[in-house]
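Step one of this worksheet: look at the structure below.
Number of protein chains: 4
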Amino acid sequence: MGNSLGKLFTITSFGESHGRCVGIIVDGCPAGLPLTESDIQREVDKRKPGTSIAATKRAEEDKVEVFSGTFNRVTTGAPICLLIQNKDIDSTAYEKARFLARPGHADYTAFSKYGGFNDFRGGGIFSGRITAAFVMAGAVAKKLLGTIDVEVLAHTVELGGVKAEPKEIDQIRANTAKNQFRCADPKAAAEMAEVVEKVKREDDSLGGIIEGIALNMPVGLGEPVFDTLEGDMAKALFAIPAVKGVEFGSGFSAARKRGSENNDPFTIKNGEVVTVTNNAGGVLGGISNGMPLVVRAAIKPTSSIAKSQQTVDFKDMKNAALKVAGRHDVCIVPRAVVVVESMMAVTLCDFAMRAELIPRALK
Amino acid sequence: MGNSLGKLFTITSFGESHGRCVGIIVDGCPAGLPLTESDIQREVDKRKPGTSIAATKRAEEDKVEVFSGTFNRVTTGAPICLLIQNKDIDSTAYEKARFLARPGHADYTAFSKYGGFNDFRGGGIFSGRITAAFVMAGAVAKKLLGTIDVEVLAHTVELGGVKAEPKEIDQIRANTAKNQFRCADPKAAAEMAEVVEKVKREDDSLGGIIEGIALNMPVGLGEPVFDTLEGDMAKALFAIPAVKGVEFGSGFSAARKRGSENNDPFTIKNGEVVTVTNNAGGVLGGISNGMPLVVRAAIKPTSSIAKSQQTVDFKDMKNAALKVAGRHDVCIVPRAVVVVESMMAVTLCDFAMRAELIPRALK
Amino acid sequence: MGNSLGKLFTITSFGESHGRCVGIIVDGCPAGLPLTESDIQREVDKRKPGTSIAATKRAEEDKVEVFSGTFNRVTTGAPICLLIQNKDIDSTAYEKARFLARPGHADYTAFSKYGGFNDFRGGGIFSGRITAAFVMAGAVAKKLLGTIDVEVLAHTVELGGVKAEPKEIDQIRANTAKNQFRCADPKAAAEMAEVVEKVKREDDSLGGIIEGIALNMPVGLGEPVFDTLEGDMAKALFAIPAVKGVEFGSGFSAARKRGSENNDPFTIKNGEVVTVTNNAGGVLGGISNGMPLVVRAAIKPTSSIAKSQQTVDFKDMKNAALKVAGRHDVCIVPRAVVVVESMMAVTLCDFAMRAELIPRALK
Amino acid sequence: MGNSLGKLFTITSFGESHGRCVGIIVDGCPAGLPLTESDIQREVDKRKPGTSIAATKRAEEDKVEVFSGTFNRVTTGAPICLLIQNKDIDSTAYEKARFLARPGHADYTAFSKYGGFNDFRGGGIFSGRITAAFVMAGAVAKKLLGTIDVEVLAHTVELGGVKAEPKEIDQIRANTAKNQFRCADPKAAAEMAEVVEKVKREDDSLGGIIEGIALNMPVGLGEPVFDTLEGDMAKALFAIPAVKGVEFGSGFSAARKRGSENNDPFTIKNGEVVTVTNNAGGVLGGISNGMPLVVRAAIKPTSSIAKSQQTVDFKDMKNAALKVAGRHDVCIVPRAVVVVESMMAVTLCDFAMRAELIPRALK
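Protein chains in written order, with my numbering: chain A, 1 to 363; chain B, 1 to 363; chain C, 1 to 363; chain D, 1 to 363.
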């Protein structure tokens, strides 16, 4: 249990890393949205390892299939089943090391929770691979948000300790796709490449920070006191394996500011209420205020490293050493950028529907 | 909508800052838990302004009343209605400045979302005052967690830029209640006092960081892929007004570490699987691993400041200046400590019930 | 757990028969609905025993109090807490017979489920008294439905074996309030009075059937495949103690018809698609078709009877005889009429909101 | 939206009659349950038209595929995706009559609700075909209930006006599979055959009543006040197209009984509390009392009939005549028997998990 997310735009995840497929059911998508496999494929492809030096060599084709919910390439109002059948599976390494808890991974917690019946191959449902399903749902959500002109984009703002310089939206839009790190700052991207190369040689891994931005935000998304925009989006982002922190606007740095600095003064601009600064990250009282929504997710370094690590065999209950075999990313940050966008889009879609901004049947 | 939280241990918030009451319904508490008003009162009192120099002068008695769900001082399995009737209400300031958006507050977003019908007095449901209701629910949750020996505690680790030195659990337990900042580091607490005094004189406000810890954690709490322990707890914490960031374990600093540093090696200790370090903050794959759960919440500086601020009158749609009158905390961090504990406890309780660790009827 | 109902218009019940109160939280009511205590009192009064010969002599004042969610007599968008404080409580009979399972009642199942901790006095949450809370929620729902011109009304169509003749809507509206049985057929009402008198003298009780009708139904309410209009309304109606059957349109009699009889032919009337007959009871495929919604609920005879019954003492696990003391209705059907209306209204409101027919903030 | 059912044992339906597949996600099945495709196939085969004279000639192979959630033929605790790919599809008749509302069907309501984008072929999600997915979920639920010895069975008690004589459980078990009507009374089954033959010749259709029984029921299933055993089971049953009424125990006939007749006297039997009669159908106060659960569902006559019917073309908004072409059941009652069992099993499973009777991980 716990595999569904969202109240009116509800996604239900299924599938495993080394099972038959990864997939997602999108329930609540209004009828009338043009939607084809290639719309979704385009997004899923952004998550592919590609030629990035940071990424795994697992070369899934990741072919999107629509199993239900559309007719004549348009959504019908029925649940949309989106599926990617797994192809390039090699479970040998996992079978051998089945009872060795890979540090940083869910092997031990999953074994305990599911009484040893969990599908451990490739991490099962705990694999980053399930985020391919998140991206399929995100593709639908983004198209829906497009009907109310909301744009969601994310980019790498930090990787392996290299911080990107803050950039304007136009530059973020223009630069992010141009480098393998999805970083809007080309200079930082170059530095990231160096760090990744170095760490790769050392059989180690790196983390980073992804910033997500939503533009043309309507005022009023969020349903306090519990279903706040921040709370629900944070929950969605923490479903991405490796996310260990989420902050909005000035976030943790707000803790060091004074009220007079951190409060965003209001003003009138083009007949609309706006704020002069955006320390709030576009959210006041758990509700969007119309300014860009700004969220950052901290991504821990990839847990799988070829370096030798201390661990335990939890079947025999004895200490052991482990080098994680298999194919892994030195840093998953670049590939996670589209996943962050997807979880943001899914959350915003749900709130837009709760605020009745997206009609139940589109024209 | 959006005022309920939790799947098996479900809390439903109601009431307003300047309305008749603040209250909460706790549904899903097993029958058989001894529970009296004084059990709850004790927790609520920790949230009181008290004599802290950081706190408001609003002097609510905050008397807890149990309206349903117990019989002969024991829970019955029926929904528990907990209520505090508001007494010390002065809405004058709010009535006058009704259409002036206080920077950092939800005045404008609430006005927009609810078509101007929201109860603006004291911020209505957006007031920190509703967290008194959270604490009542937390009191029940803590008692329940006590039946499986889980202990939840929180403390101030940063306030106004003053960082506390890391302390052992024993010191945290011992020191936190001893100073008005609920800080385990007495030296830092003294510095915090100075900063608060200074900022108070300047009509400004401060933020900080609260760390929450859960001890004696069972392995297996959390229901991935979406209902992760981190995700649901983050959502619960973001319901606390002023929280702008949440991180677990090494959190944002993980982004700067290497895998070999951030991965927690496993080992056997007293016949149990433990980790040598706890960068994971007790959560692997969204599931508790038995190590202490460690979470930090960033609290922005109090939005209400007496200093003059630029804002707008959103009725007349014109710029305006505003000094926020009323009674406010220079820094809400110390009073929010028990609220963080409460939201943690509520989340853990829900997961403990989902994991069948707390029986539906206690003996 | 299990005390909340509805997705967007969510009600949460609390309180007990002989506890401090019965109450309900209504979450999801749009801002901007004029709502006063007297609006709700009017509905609650319809449930009062009054002077009906069928009814109990328990003489609760049942004074409605609004504890939250309105400001200046208008809803704010915040959760509405509605409460009736219990006054006329006499638990003596219950204390004495605590471990004697009253046949037809939940004494034994509640004792088993809640480990003996349930508040048994007056049946606790299993008392018909909690339906006063349902009616408070129904009062809000009816007002909301009024904004889209949907009218909900119910009447007694059978009581103690006496069947009412089918009547036109006008007569149902006109006649129902005129007799103590809330029956649209005055002749049947007279017969019902005779049967009730007779059965009362025999220390026995009676059941009946209530028919609910919703007029001016929009097309499109219901969210198949699981959240059908019939399914959700049936669930809501089964929450009324004593309901043992629910049917829509031709209902159980449909089982004996042929398709050519039971199918409702479509035709055009005043430029709208209507059906010539209404065997479907206004629902096709789980979705309203614009015709009047027609539902019937079977009410079992009151379980509490003064006649001696065979039972067990479930503490000592031995057989026993029992005459149920206390104050009870010979037949609860007349008082349940407004409860049926309320649960219908609550269900319709939720679906109307899911279909975006009621805006989140009214003008 | 509205395609998920259940709180801890949650099923999510997807797929269409003439789309690529029908399928279901089962989330919340504990890890450790042996489960193979043939376990599920066996149940799905019971729903097949077979050689019954009452059934359609559509000859789907209905081959069950498990897409996720098992490993080495045992459940893993992850969501189980069960899928049947549609094979024998002929949509010609539907394309031609697209805008003609078939009386008794959801064509018009679906068209209105989904803005004309619904997949009308074969009725889309409103087809009885989706119940094949329900049966797949039911197969899992039955296996789970088996671990606590709960047995669910259903049989035809009325068809085309022919009533079966009441039979003992042993006879129901023995006789139901022996005839094409799934009727425990062989004599009635023979009469049903005659009626069906006759009505078939007349291009008409028939309805009936299915009784479901659950044996070895534990005491305590059901979560009042809203999530009653009756309410949730009724909701699940109303998701079966054609169900128009649901009753428990004496049901509608209770309305005509006196309390002294309808109340079930308690007694002690083999050291357990039981009732002498079972007018309650095993449910008191919305909670199971340990007696057999007895529920009846009224099935309306098949809406699709070859006889000419009056209807409208809702595109051109004009009256029309219609003979429903395609392949249809004269009476779906026999095939719906296993569907009723499935929805009962799904409901009971959810409550058994809520009552912690089925552990989250089986041994």
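Positions of the beta carbon are idealized from the N, C-alpha and C atoms, including for glycine.
All values reported here derive from a predicted model rather than from experimental measurement.
(Q) Does the CB of R121 of chain B have a neighbour CB from chain C at under 9 Å? (A) yes
**Q.** Residue from C:R121, C:F99, C:K113, C:I80 with nearest C-alpha to S91 of chain C
**A.** C:R121
Q | Interface flag, Y114 of chain A vs chain D, CB-CB below 9 Å | A | yes
Q) Is the beta carbon of A54 of chain C sitting closer than 9 Å to the one on P334 of chain C? A) yes
Q. Taking Cβ to Cβ, would you say V295 of chain B is nearer than 9 Å to N289 of chain B?
A. no
Q) Is the Cβ of K7 of chain A closer than 9 Å to any Cβ of chain G? A) The structure shown has no chain G; the protein chains it does contain are A, B, C and D.
(Q) Considering Cα atoms alone, identify which of C:L35, C:E191, C:I287, C:H105 is closest to A141 of chain C. (A) C:L35
Q: Using the Cα positions of T156 of chain C and A336 of chain C, report the straight-line distance between them to the nearest angstrom.
A: 9 Å
Q) D313 of chain A by DSSP, collapsed to three states: which one? A) strand
Q: With a floor of 3 residues, list each beta strand (DSSP E) that falls wholly inside the region 11-42 of chain C, ordered by position along the chain.
A: 21-27
Q. At a CB-CB cut-off below 9 Å, which residues of chain A make contact with D88 of chain D?
A. Those do not exist, as D88 of chain D stays about 18 Å from chain A at its closest Cβ, beyond 9 Å.
Q. So I89 of chain D and V64 of chain D are in contact, right, with Cβ under 8 Å, and what is the actual spacing, rounded?
A. Their Cβ separation, rounded to whole angstroms, is 18 Å, which puts I89 of chain D and V64 of chain D out of contact at 8 Å.
Q) Exposed or buried, which one is A188 of chain C when buried takes at least 16 other CB atoms within 10 Å? A) buried
Q. So which residues on chain C does P359 of chain A lean against when the C-beta distance must stay under 7 Å?
A. E356
Q) alpha helix (DSSP H) containing A234 of chain B: first to last residue? A) 229-238
Q: Let me know the alpha helix (DSSP H) ranges lying completely inside the region 235-282 of chain D, each 4 residues or longer, listed in chain order.
A: 251-254, 259-262
Q) Got a sec: which bits of the region 309-322 of chain D sit with their beta carbon under 7 Å from any beta carbon on chain C, in order along the chain? A) Q309, Q310, T311, V312, F314, M317, K318, N319
(Q) Rounded to the nearest angstrom, what separates F117 of chain B and R354 of chain A at their Cα positions? (A) 18 Å
(Q) Quick check: G77 of chain D and C349 of chain D, are their CB atoms within less than 9 Å of each other? (A) no
Q: Find the nearest neighbour of D185 of chain A within the set A:L100, A:E165, A:K269, A:L237, judged by alpha-carbon distance.
A: A:E165
Q. Which partner residues does H328 of chain B have in the DSSP bridge list?
A. Answer is none; H328 of chain B lacks a bridge partner.
**Q.** Between the CA atoms of G222 of chain B and F248 of chain B - distance to the nearest angstrom
**A.** 14 Å
Q. Quick one: is C433 of chain B near chain C, going by C-beta distance under 9 Å?
A. Coverage of chain B is limited to positions 1 through 363, which leaves residue 433 of chain B absent and any answer about it impossible.
Q.
Which residue marks the beginning of the beta strand (DSSP E) containing T156 of chain C, and which one marks its end?
A. 151-159
Q. Does the separation of the CB atoms of Y114 of chain B and G32 of chain C fall below 9 Å?
A. yes
Q.
When you compare the CB positions of V324 of chain D and A352 of chain D, do they come within less than 9 Å of one another, or not?
A. no
Q. Taking Cβ to Cβ, would you say S342 of chain C is nearer than 9 Å to E151 of chain C?
A. no
Q. In three-state terms, what does DSSP make of N319 of chain B?
A. strand
Q.
Let's test the definition: count the other Cβ atoms within 10 Å of the Cβ of M317 of chain B and tell me whether it reaches 16, buried, or not, exposed.
A. exposed
Q: Would you mind working out which of C:G69, C:F126, C:C331, C:R47 sits nearest V225 of chain D, comparing C-alpha positions?
A: C:F126
Q.
I want to see whether chain C comes within less than 9 Å of D149 of chain D, judged by CB atoms only; does it?
A. no
Q: Report the residues of the region 244-265 of chain C with a CB closer than 7 Å to any CB of chain D, ordered along the chain.
A: K244, G245, V246, E247, F248, G249, S250, G251, F252, A254, A255, R256, K257, R258, G259, S260, N262, N263, D264, P265
Q. Per DSSP, which one or two residues make a beta bridge with R296 of chain C?
A. C:E211, C:E247
Q.
Once the 5 residues before and after D107 of chain C are set aside, which same chain residues still bring their CB inside 7 Å of it?
A. A101, F120
Q. Buried or exposed: which applies to I332 of chain D, given that a residue is buried once 16 or more other Cβ atoms fall within 10 Å of its Cβ?
A. buried
Q | K363 of chain B versus G220 of chain D: straight-line alpha-carbon distance, rounded | A | 16 Å
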